[in-house]
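In the numbering used here, the protein residues as written are 10 to 314.
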């Protein structure tokens, strides 16, 4: 396992690409936990950015309270730079994907593998941020034959509760009351004013507010807060594995983020022995937002190695 720190300067190209958006049907009753604690696969919303190349596609998995739109500009640029097809996917209970009362990384792996089967993708490069990184790791450990390479963005296979304020964020989000029948800009301001005392960082408030949507004149959160609260301990932890994923793996941490520390290295080495750890200087937990050029260059270098 090698530890690298790299910084890049390049220019993003914005040329034409083929794009397809598909949404799974939302249902609050599907995906019930089975008697053995697993869950049925549920339909996932996804976007396809079609490249002209024939190499293994890239599949992006977002973090908690994120969505596939978090990686839209990155996906477009990587299609141009690599020629590969790129998919961005909404996890269950997020974005436009199906709502279900059950959440676990094993269940979300089932969702992802079901989607790949539907799209006739036999192998992919998984790139996951935060919760999506834990999902990517779980998928690689459970289904290594389907994952050619793995990129884990600012997360490790360890407990992350100490690094996050998500429990208090969820409580604050559930308490938000927004007037009906008002313009979206006004609704967003009302929600932000109510979140501000509990979510101090502007960037975090803006991130959470991407989940505020209007349905039939009423404003609501598109994330399934009840399911997330119920399973938050599982989301913050990581499943136990006795096996390892042996193919190339990149752990990409933010230079200003605590989510990948030296205390995590032994477990990373045990589970992912063919891994590199890199840190992007001047990046927070949201590396792809803070340093998009560095983020993409790290991925492209990794794909070519």
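C-beta atoms are modelled at their ideal positions from N, C-alpha and C, and glycine is treated no differently.
- Residue 127 and residue 206 have their C-alpha atoms some 44 Å from each other.
- A direct Cα-Cα distance of roughly 7 Å separates residue 166 from residue 276.
- Boundaries of the alpha helix (DSSP H) around residue 118: 114-127.
- DSSP, reduced to helix, strand and coil, places residue 71 outside both helices and strands of the structure shown, so it counts as coil.
- Rounded to whole angstroms, the separation of the alpha carbons of residue 52 and residue 100 is 9 Å.
- Pairing residue 108 with residue 64, the inter-Cα distance amounts to about 33 Å.
- Selection 270, 221, 177 evaluated against residue 164 yields 270 as nearest (Cα-Cα).
- Here residue 249 carries a coil assignment [DSSP, helix/strand/coil].
- C-alpha of residue 283 to C-alpha of residue 113: approximately 26 Å in a straight line.
- Following the DSSP letters along the chain, one finds residue 201 inside the alpha helix (DSSP H) bounded by residues 193-204.
- Between the segment 143-153 and the segment 252-268 there are three or more C-beta pairs closer than 8 Å, enough to call the two in contact.
- The criterion of a C-beta distance shorter than 7 Å is not satisfied by residue 294 and residue 83.
- For the 7 Å CB-CB criterion, residue 160 and residue 259 form a contact.
- Taking 7 Å as the cut-off, the Cβ atoms of residue 237 and residue 231 do not count as close.
- About 10 Å separates the CB atoms of residue 56 and residue 85; that is not less than 8 Å, and the two are not in contact.
- Assignment of residue 142 by DSSP, reduced to helix, strand and coil, places it in the helix class.
- Contact annotation, residue 305 with residue 90: C-beta distance approximately 7 Å; criterion of less than 8 Å satisfied.
- Taking all protein chains shown into account, residue 61 has fewer than 16 neighbouring C-beta atoms within 10 Å of its C-beta and is therefore exposed.
- Spanning the alpha carbons of residue 184 and residue 157 requires a straight line of approximately 43 Å.
- Take the alpha-carbon of residue 290 and the one of residue 143: they are about 22 Å apart.
- Residue 216: member of the alpha helix (DSSP H) spanning 211-218, first to last residue.
- Per DSSP, the unbroken alpha helix (DSSP H) holding residue 276 starts and ends at 274-280.
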